[in-house]
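Peer 1: When we follow the working numbering, the leftmost residue of the sequence shown carries the number 11, and every step to the right adds one.
Note that beta-carbon positions come from the ideal geometry of N, C-alpha and C, so glycine has one too.
Input: one structure, supplied below.
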Amino acid sequence: MTNNIIFGVLGGLGLFLFGMKNMSEGLQKIAGQGMRKILELLTKTTIAGVAVGAAVTAIIQSSSATTVMLIGFVQAGLMTLKQSIGVVYGANIGTTITAQIIAFKIHKYALPAIGLGVFLYFFFPKRKLKHFGQILLGFGMLFFGLAIMSEVFIPLKQSPEFRQLFVLFSRNPLLAVLTGTALTMIVQSSSATVGITMALAGAGLLDFVTAFAVVLGDNIGTTITAQLAALNGNITAKRTAWAHTLFNLFGAGYMLLLLNVRIDGQPVFLHFINLITPGNAFAGENIERAVANSHSLFNIFNCIIFIPLAGVMAFAVTKLVRGEVEVIEHGTKYLDDRMLVTPEIAIGQAKKEISRMAGYAKDQLNMSIEAVFVKKHRERERLFEKIKRREEAVNLLEREISSFLVRIDQESITEQLAKTTAAYLHLIHDIERIGDISENIVDLVVLKEEENIKFSETGSAEVRTLSQLVDKAMDRSFRAFDQWNKQLAEEAIELEGRIDATEQLYRDNHIFRCGQATCDPKAGIVFLDILSNLERAGDHLHNIAQKILELNSFDT
């Protein structure tokens, strides 16, 4: 009998988790991209963030997926800490929908849902039908796993050991909270542990108060996902993860204390839940629905309390996770579509944005070269993160500025202005390519570390010297554009010739060192590729300077 119970619990839990994963993945495939757009665009205030977080999580059926997306947005600089806090609050509400669905006890539809889901997934080539089949398959497996667990829990009512264990829980709600926390940290799905809690309550193994205490622990345990997602994130991502943890921790803490405040011998909050739920949950009637309702209303109540305290929460996590946050402004800063009717002003706005884009690309390239010589892994990872954020900013600016320049071209403009917009389009492409070269160098640095490749002192000095020439060329090219300075553009073109000659000299030097056995041949691939990437950066800088000269107008 013991084996049957163990196998039933493990098998049922496995089916539940696998079903939950499939249902969530299917829902994300159907609605995921739209959900990302909603998260990015509609979170300007804390209340809007709460609404969006609740809606997105309810639709994709995974607070973990929402928080992971959220960490990604925060890390990319697309969302501020305060905006993310609102979404965290809302995600806690949205995740309670799973418990509400489970409380309907629609286990009898589990097998038909599995059958129909498999049929749609395997026999229909249309993508949307396959995704819908995956949702049905996950839905069916979730309920089938829950039904198995519910059945194997029933005999446990007769076990003196289990009865004694749950008597201990009922006398010590804190122990129940800690148990729920530990289980959810292990399983990494609050939906699963809430489902198990409801099944135990339905089997008569947990009373209403103990079940609610376990649910409070489930809410704390689910924050481990955000913490794991933010482990390699930037400071703001870590602060967002801690906002999630503190929100659930404080909520569970005061609600645990409220269990001691009673009306008619019942905890005041659960007394209210019992009043609005059909049946008497304290007598075991309709207890699954009462647990689901307590889960939902606790998170709604917690959210109402913390919405006005979003600023306080931001302050608290800022003190908890210390450090300076680098602000990278994504998207355009100066472009205004209303100025398109005055193309001369619009082209000036585009020029300012291109200068911003050039600044990010310059930082990227210099940071990627700096990473070549950094020895500490953590410091190198921080540099990689900074480079990545600038790459995202550069790519976004290229798209936005290109679109703006094309719209200027569609206006009634002079021939000179048309030449300028065409030149600007070429310029932003070259700037974006410099950003891509930085990414190539980052990949080479990663390879260098993975293969434990060491440069000779001479080789390291040569990389530094060539990178300094490229930096000078960048300085001249970008200042020539910013100041409309012909002399600086000519200096940049002259520097590009020196970059080509120096790169060829250093290639020859490396081959000579290899012949003299003073250089590790294994280092050659990385060393020569870094030189090649720097030389290509010089080519793009030459293009930029050449375009400035071709415009034949250097008015300030």
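Assuming Ala120 contacts Phe154 (C-beta within less than 8 Å), just tell me the rounded distance between them.
Peer 2: Numbered from 1 along the sequence shown, position 110 holds the residue referred to as residue 120. Numbered from 1 along the sequence shown, position 144 holds the residue referred to as residue 154. Correct: roughly 4 Å between the Cβ atoms.
Peer 1: Apart from the five residues just before and just after Glu380, which ones in its own chain have a Cβ nearer than 7 Å to its Cβ?
Peer 2: Numbered from its first residue, the sequence shown carries residue 380 at position 370. Excluding residues within five positions, the ones whose Cβ falls inside 7 Å are Leu393.
Peer 1: Gln556 lies in the alpha helix (DSSP H); which residues open and close that run?
Peer 2: Your numbering for residue 556 matches position 546 in the sequence shown. Segment Ala533 to Glu560, the alpha helix (DSSP H) holding Gln556.
Peer 1: How many angstroms separate the CA atom of Val62 from the CA atom of Leu559?
Peer 2: Within the sequence shown, residue 62 is the residue found at index 52, counting from 1. Within the sequence shown, residue 559 is the residue found at index 549, counting from 1. So the alpha carbons of these two residues sit roughly 50 Å apart.
Peer 1: Given a threshold of 16 other Cβ atoms within 10 Å of its Cβ, counted over all protein chains shown, does Leu375 qualify as buried or as exposed?
Peer 2: Residue mapping note: residue 375 aligns to position 365 of the sequence shown, counting from 1. Leu375 should be labelled buried.
Peer 1: Between Gln514 and Leu551, what straight-line distance do the alpha-carbon atoms span, to the nearest angstrom?
Peer 2: Start at 1 with the first residue of the sequence shown, and residue 514 comes out as number 504. Start at 1 with the first residue of the sequence shown, and residue 551 comes out as number 541. Going from the Cα of Gln514 to the Cα of Leu551 covers about 18 Å.
Peer 1: Going by beta-carbon coordinates alone, are Leu91 and Thr246 separated by less than 8 Å?
Peer 2: Along the sequence shown, one-based indexing puts residue 91 at 81. Along the sequence shown, one-based indexing puts residue 246 at 236. Yes; because the gap between Cβ atoms is below 8 Å, this pair is in contact.
Peer 1: Quick one: grab the DSSP three-state call for Gln276.
Peer 2: Here residue 276 is taken as the residue at index 266 of the sequence shown, counted from 1. DSSP places Gln276 in strand when its eight states are reduced to three.
Peer 1: Using CA coordinates, which residue listed in Lys458, Ile357, Ala555 and Gly148 is at the minimum distance from Ile535?
Peer 2: For the purposes of this step, residue 535 is identified with residue 525 of the sequence shown, where counting begins at 1. For the residues Lys458, Ile357, Ala555 and Gly148, the minimum Cα distance to Ile535 belongs to Lys458.
Peer 1: According to DSSP, is Arg332 helix, strand or coil?
Peer 2: The residue given as residue 332 occupies position 322 in the sequence shown. Coil, per DSSP.
Peer 1: With distance defined between alpha-carbon atoms, name the residue in Gly212, Leu415, Val452 and Gln526 nearest to Phe383.
Peer 2: Taking the sequence shown and counting its residues from 1, the one referred to as residue 383 is at position 373. Of Gly212, Leu415, Val452 and Gln526, the residue nearest in Cα terms is Val452.
Peer 1: Between Gly341, Ser378 and Val351, which lies nearest to Lys362 when the distance is taken from Cα to Cα?
Peer 2: Residue numbering aside, residue 362 sits at position 352 when the sequence shown is read from its first letter. Ranking Gly341, Ser378 and Val351 by Cα distance to Lys362 puts Gly341 first.
Peer 1: Taking the alpha carbon of Gly263 as the reference point, which residue from Thr233, Tyr516 and Gly227 has its own alpha carbon closest?
Peer 2: For the purposes of this step, residue 263 is identified with residue 253 of the sequence shown, where counting begins at 1. Minimum Cα distance to Gly263 is reached at Gly227.
Peer 1: Using C-beta distances below 7 Å, list every residue in its chain close to Phe564, excluding the 5 sequence neighbours before and after it, in chain order.
Peer 2: On the sequence shown, residue 564 is found 554 positions in, with the first residue counted as 1. With a pLDDT of 44 at Phe564, under the threshold of 50, the predicted position of this residue should be treated as unreliable, and no value is reported.
Peer 1: Using the rule of at least 16 other Cβ atoms within 10 Å of the residue's Cβ for burial, across every protein chain shown, is Leu144 buried or exposed?
Peer 2: In the sequence shown, counting from the first residue as 1, residue 144 sits at position 134. For clarity, residue 144 is Gln in the given sequence; the question names Leu instead. So Gln144 ends up on the buried side.
Peer 1: For the alpha helix (DSSP H) that Phe394 lies in, which residues bound it at each end?
Peer 2: On the sequence shown, position 384 is the one that residue 394 refers to. Looking at the DSSP string, the run of the alpha helix (DSSP H) that includes Phe394 is His387 to Asp419.
Peer 1: Grab me the residues of Asn553's own chain with a C-beta within less than 6 Å of its C-beta, minus the 5 sequence neighbours each way, in chain order.
Peer 2: Here residue 553 refers to the residue found at position 543 when the sequence shown is read from its first residue. Asp440.
Peer 1: Helix, strand or coil for Ser199 per DSSP?
Peer 2: For the purposes of this step, residue 199 is taken as the residue at position 189 of the sequence shown. Three-state DSSP puts Ser199 in coil, outside helix and strand.
Peer 1: I'd like the span of the alpha helix (DSSP H) that includes Gly104, first residue to last.
Peer 2: Counting from one through the sequence shown, the residue named residue 104 turns up at place 94. Element bounds for Gly104: Leu91 to Gly104.
Peer 1: Just to confirm before moving on: does the CB-CB distance between Gly150 and Gly29 stay below 8 Å?
Peer 2: Residue numbering aside, residue 150 sits at position 140 when the sequence shown is read from its first letter. Residue numbering aside, residue 29 sits at position 19 when the sequence shown is read from its first letter. In contact: Gly150 and Gly29 (Cβ atoms closer than 8 Å).
Peer 1: Checking 8 Å against the spacing of the C-beta atoms, do Lys396 and Arg366 come in under that value?
Peer 2: Locating residue 396 in the sequence shown gives position 386, where the first residue counts as 1. Locating residue 366 in the sequence shown gives position 356, where the first residue counts as 1. Not a contact, by the Cβ cut-off of 8 Å.
Peer 1: Restricting to Cα atoms, I'd like to know which of Gly214, Gln237, Glu401 and Ser200 is closest to Ile81.
Peer 2: For the purposes of this step, residue 81 is taken as residue 71 along the sequence shown, with counting starting at 1. Among Gly214, Gln237, Glu401 and Ser200, the Cα nearest to that of Ile81 is on Gln237.
Peer 1: To the nearest angstrom, how far is the alpha carbon of Ala209 from that of Pro122?
Peer 2: Residue 209 sits at position 199 when you count from the first residue of the sequence shown. Residue 122 sits at position 112 when you count from the first residue of the sequence shown. Each residue's Cα considered, the two are about 21 Å apart.
Peer 1: Would you call the stretch 346 to 358 and the stretch 465 to 474 in contact, with 3 or more CB pairs under 8 Å?
Peer 2: Touching, no.
Peer 1: Roughly how many angstroms separate the alpha carbons of Asp446 and Ile158, rounded to a whole number?
Peer 2: Start at 1 with the first residue of the sequence shown, and residue 446 comes out as number 436. Start at 1 with the first residue of the sequence shown, and residue 158 comes out as number 148. C-alpha separation (whole angstroms): 53 Å.
Peer 1: Which whole-angstrom value describes the C-beta separation of Ile57 and Gly104, a residue pair presumed to lie in contact below a C-beta threshold of 8 Å?
Peer 2: Stepping through the sequence shown from its first residue, residue 57 is reached at position 47. Stepping through the sequence shown from its first residue, residue 104 is reached at position 94. Going by Cβ atoms, the distance from Ile57 to Gly104 rounds to 15 Å, so no, they are not a contact pair.
Peer 1: If I follow the unbroken alpha helix (DSSP H) through Lys429, where does it start and stop?
Peer 2: Translated into positions along the sequence shown, residue 429 becomes position 419. Run containing Lys429: Glu425 to Glu460, per the alpha helix (DSSP H) assignment.
Peer 1: Less than 8 Å between the C-beta atoms of His281 and Ala109, yes or no?
Peer 2: If you number the sequence shown from 1, residue 281 lands on position 271. If you number the sequence shown from 1, residue 109 lands on position 99. No. Outside cutoff.
Peer 1: How is the alpha helix (DSSP H) around Gly507 delimited, first residue to last?
Peer 2: The count along the sequence shown starts at 1 and reaches residue 507 at position 497. Unbroken alpha helix (DSSP H) run through Gly507: Lys496 to Gly525.
Peer 1: Which of the three DSSP states, helix, strand or coil, is assigned to Glu298?
Peer 2: As a working mapping, residue 298 is identified with position 288 in the sequence shown. In this structure, Glu298 counts as helix in the three-state DSSP scheme.
Peer 1: Which of helix, strand or coil does DSSP assign to Phe114?
Peer 2: The residue you call residue 114 lines up with position 104 of the sequence shown. Residue state, collapsed to three classes: coil.
Peer 1: Whole angstroms is fine: what's the gap from Ala533's alpha carbon to Gly507's?
Peer 2: Walking along the sequence shown from the start, residue 533 turns up at place 523. Walking along the sequence shown from the start, residue 507 turns up at place 497. Cα-Cα distance, rounded: 26 Å.
Peer 1: Put Ser466 into one of helix, strand or coil per three-state DSSP.
Peer 2: Counting from one through the sequence shown, the residue named residue 466 turns up at place 456. DSSP places Ser466 in coil when its eight states are reduced to three.
Peer 1: Kindly indicate which three-state DSSP category Asp217 falls into: helix, strand or coil?
Peer 2: Residue mapping note: residue 217 aligns to position 207 of the sequence shown, counting from 1. In this structure, Asp217 counts as coil in the three-state DSSP scheme.
Peer 1: Give the single residue among Val456, Gln426 and Val416 whose Cα lies nearest to the Cα of Ile438.
Peer 2: Working through the sequence shown from its first residue, we reach residue 438 at position 428. Looking at the Cα atoms, Val416 is the closest of the given residues.
Peer 1: With distances taken between CB atoms, is the gap from Asn102 to Asn309 smaller than 8 Å?
Peer 2: Here residue 102 refers to the residue found at position 92 when the sequence shown is read from its first residue. Here residue 309 refers to the residue found at position 299 when the sequence shown is read from its first residue. A contact, by the Cβ cut-off of 8 Å.
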